[in-house]
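Q: Once you've had a glance at the structure underneath, I'll fire off some questions.
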Amino acid sequence: MGILTEDMKRTVREQRLAYVASVCPDGTPNLSPKATTTVWDDDHLVYLDIRSPQTRENVLANPSVEINVVDPVVRKGYRFKGRATVLTTGPLFDDVLAFYRGRGLDYGPEAVVLIRVERARPLVSPAYDRGRTEEDVRAEFYAYYDALNRPKAGRPKAGRPEVGTAA
Numbered sequence: 000m001g002i003l004t005e006d007m008k009r010t011v012r013e014q015r016l017a018y019v020a021s022v023c024p025d026g027t028p029n030l031s032p033k034a035t036t037t038v039w040d041d042d043h044l045v046y047l048d049i050r051s052p053q054t055r056e057n058v059l060a061n062p063s064v065e066i067n068v069v070d071p072v073v074r075k076g077y078r079f080k081g082r083a084t085v086l087t088t089g090p091l092f093d094d095v096l097a098f099y100r101g102r103g104l105d106y107g108p109e110a111v112v113l114i115r116v117e118r119a120r121p122l123v124s125p126a127y128d129r130g131r132t133e134e135d136v137r138a139e140f141y142a143y144y145d146a147l148n149r150p151k152a153g154r155p156k157a158g159r160p161e162v163g164t165a166a
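Residue numbers (numbering that gives the first Met the number 0): 0 to 166.
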């Protein structure tokens, strides 16, 4: 049994976007969205480096990364801390490419990035702190985005008040 639970694996596989945090040479953070992040095995996540030269450079210099994957509808997910390895050739690189090609990938990435997860923790919105259920949070999400995408004439004002204005 590895570090990744079945719920962690489900969440990563279901979500279309993950965020990878790395450290720039000057010590500043770098955050890069990755739409190819998935589970490789019980201890590893993987993503394709398609067009992220800064993230790749960062990881080559300092392999410490954090990946956040959150279901925006229910505002729950996971944070994964670990060490990344950048692959550009070799059997594992070929296996990962074959995996993605089997799922419809029709172009070549710059590299494959394999992350050995060393620590995994849940991410849960404070929206749950006052007793709201997952169904409550889900209903609020859909009500907000329904209002946001309604034609302007019939749309109530959506979003948060701007600083200095009344709600």
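By construction, the Cβ of each residue, glycine as well, lies at the ideal position given by its N, Cα and C atoms.
When you compare only the Cα positions, how much space is there between residue 114 and residue 74?
A: Within the sequence shown, residue 114 is the residue found at index 115, counting from 1. Within the sequence shown, residue 74 is the residue found at index 75, counting from 1. Their Cα atoms are separated by approximately 24 Å.
Q: Can you name, in chain order, every residue of its own chain whose Cβ lies under 6 Å from the Cβ of residue 83, other than the five neighbours on each side?
A: The residue you call residue 83 lines up with position 84 of the sequence shown. Around residue 83: 58, 62, 64, 112 and 114.
Q: Pick from 71, 81, 91 and 137: whose alpha carbon is nearest that of residue 119?
A: Against the sequence shown, residue 119 aligns to sequence position 120. If we check each option's Cα against that of residue 119, 81 comes out closest.
Q: What whole-angstrom Cβ distance do residue 44 and residue 79 have, given they're in contact under 8 Å?
A: As a working note, residue 44 is residue 45 in the sequence shown. As a working note, residue 79 is residue 80 in the sequence shown. Right, the Cβ-Cβ distance comes to about 6 Å (below 8 Å), so this counts as a contact.
Q: Please list, in chain order, all residues of the same chain as residue 67 whose beta carbon is under 7 Å from its beta carbon, the five residues on each side excluded.
A: Residue 67 sits at position 68 when you count from the first residue of the sequence shown. Here the set comprises 17, 18, 76, 78 and 122.
Q: Please look up how many angstroms separate the CB atoms of residue 47 and residue 108, rounded, as I've assumed it's under 8 Å.
A: Locating residue 47 in the sequence shown gives position 48, counting from the first residue. Locating residue 108 in the sequence shown gives position 109, counting from the first residue. Contact flag correct, Cβ pair sits at about 4 Å.
Q: Put residue 18 into one of helix, strand or coil per three-state DSSP.
A: Numbered from 1 along the sequence shown, position 19 holds the residue referred to as residue 18. Three-state result, residue 18: strand.
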